[in-house]
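Encoded as structure tokens, the structure appears first; notes follow it.
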Amino acid sequence: MTKEQALNEVAKRIGACEKCKFEPNQNPVPGEGNPDAQIIFVGEAPGKKENETGRPFVGAAGKFLAEMLNSIGLEREDVFIANCLKYQPPGNRDPLPEEIAFQLPFLKKQIAIIRPKLICFLGRHALHALLPDETRPISVLHGVLIWQQQLSAISRQQSAMPEAESSKLTAGRQAYLPLYHPAAALYNGGMRQTLLDDFAKIPGYMDEIYERHGSK
Numbered sequence: 001m002t003k004e005q006a007l008n009e010v011a012k013r014i015g016a017c018e019k020c021k022f023e024p025n026q027n028p029v030p031g032e033g034n035p036d037a038q039i040i041f042v043g044e045a046p047g048k049k050e051n052e053t054g055r056p057f058v059g060a061a062g063k064f065l066a067e068m069l070n071s072i073g074l075e076r077e078d079v080f081i082a083n084c085l086k087y088q089p090p091g092n093r094d095p096l097p098e099e100i101a102f103q104l105p106f107l108k109k110q111i112a113i114i115r116p117k118l119i120c121f122l123g124r125h126a127l128h129a130l131l132p133d134e135t136r137p138i139s140v141l142h143g144v145l146i147w148q149q150q151l152s153a154i155s156r157q158q159s160a161m162p163e164a165e166s167s168k169l170t171a172g173r174q175a176y177l178p179l180y181h182p183a184a185a186l187y188n189g190g191m192r193q194t195l196l197d198d199f200a201k202i203p204g205y206m207d208e209i210y211e212r213h214g215s216k
């Protein structure tokens, strides 16, 4: 099975997960991008536009994300973009910890299939969902490359993909980059330059990652 086929299978399971939905007839937002992406961007949860289209980051925050990608010579098609939650929470509120825990195995499976060199967190929820032992706030960690042995084991509490419990999702050391969520720049103009500055570090970080892994 190719990576694309495997990702399509995960997307089908997301679409079939009735317990993941907050309202009837919600559209799933599995994620999209290059199955062979070297970089994955992980957000928190879909918003109104994402629920309408079934695609991640298509609203104003998505436009800014595309602009930041372009600033370092990348297009959306070069990377993979997904969220911790695959359905929009009611009222566009922040996702609850138990909601993230239930749906997170889908994202971890996507990461396991793609095997990216770098995982970029867009916002604190994504950071603490995938690195639950990291206690430092994103205000301290943004723009700082983090190395970990692998993604933490999936919690034993109820989840949407229990069979993923025992799978090792990332062999060796994995690089992570916490970033502020692009939406932050929409509400705080000063955050825009901070995000652009942090994005500008990505090419250099990728060189460091390739050097450590010994290949591109």
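Per the UniProt record's numbering, the sequence shown starts with residue 1, numbered consecutively. Glycine included, every Cβ here is placed at the ideal spot set by N, Cα and C. Note that this is a predicted model, so its numbers are computed, not measured.
Among the residues of its own chain, which have a CB less than 7 Å from the CB of residue i, if the five just before and after it don't count?
{"i": "K86", "result": "I14, C20, P28, V29, P30, Q103 and F106"}
{"i": "A66", "result": "R76"}
Considering only heavy atoms of the ligand MN, does any lie closer than 6 Å to the CB of residue i?
{"i": "A16", "result": "What this structure holds is no ligand at all, so the ligand MN is not there to describe."}
What's the gap between the Cα of residue i and the Cα of residue j?
{"i": "R136", "j": "F64", "result": "26 Å"}
{"i": "E75", "j": "M1", "result": "26 Å"}
{"i": "W147", "j": "F22", "result": "34 Å"}
{"i": "L145", "j": "L177", "result": "5 Å"}
{"i": "S71", "j": "E52", "result": "28 Å"}
{"i": "A6", "j": "F80", "result": "14 Å"}
{"i": "N188", "j": "I202", "result": "22 Å"}
{"i": "K3", "j": "D198", "result": "29 Å"}
{"i": "H142", "j": "A184", "result": "13 Å"}
{"i": "P132", "j": "H125", "result": "10 Å"}
Identify, in the order they occur along the chain, each residue of the same chain with its Cβ nearer than 8 Å to the Cβ of residue i, setting aside the five sequence neighbours on each side.
{"i": "L186", "result": "A60, A61 and F64"}
{"i": "V58", "result": "K49 and E50"}
{"i": "E77", "result": "G33 and N34"}
For the putative contact between residue i and residue j, defined by C-beta atoms under 8 Å, what is the C-beta separation to the nearest angstrom?
{"i": "E99", "j": "P89", "result": "7 Å"}
{"i": "N83", "j": "P46", "result": "6 Å"}
{"i": "K117", "j": "H213", "result": "7 Å"}
Can you find the residues in the same chain that come closer than 6 Å, C-beta to C-beta, to residue i, ignoring five residues on each side of it along the sequence?
{"i": "Y205", "result": "L145"}
{"i": "E211", "result": "none"}
In the DSSP output, what is residue i paired with across the bridge?
{"i": "L146", "result": "Note on identity: in this sequence residue 146 is Ile, with Leu being the wrong assignment. Y176, per the DSSP bridge assignment."}
Entirely within the stretch 95-120 and at least 4 residues each: give me those alpha helix (DSSP H) ranges in chain order. 97-114, all fully within the stretch 95-120.
Complete beta strand (DSSP E) runs within the stretch 29-83 (minimum length 3 residues, chain order): Scanning the stretch 29-83 for uninterrupted beta strand (DSSP E) segments of 3 residues or longer gives 39-43 and 80-83, listed from N- to C-terminal end.
Please list the segments of the alpha helix (DSSP H) lying wholly inside the stretch 176-216, counting only runs of 4 or more residues, in order along the chain. Every alpha helix (DSSP H) stretch that sits fully inside the stretch 176-216 and reaches 4 residues is listed by chain position as 183-187, 189-199 and 202-213.
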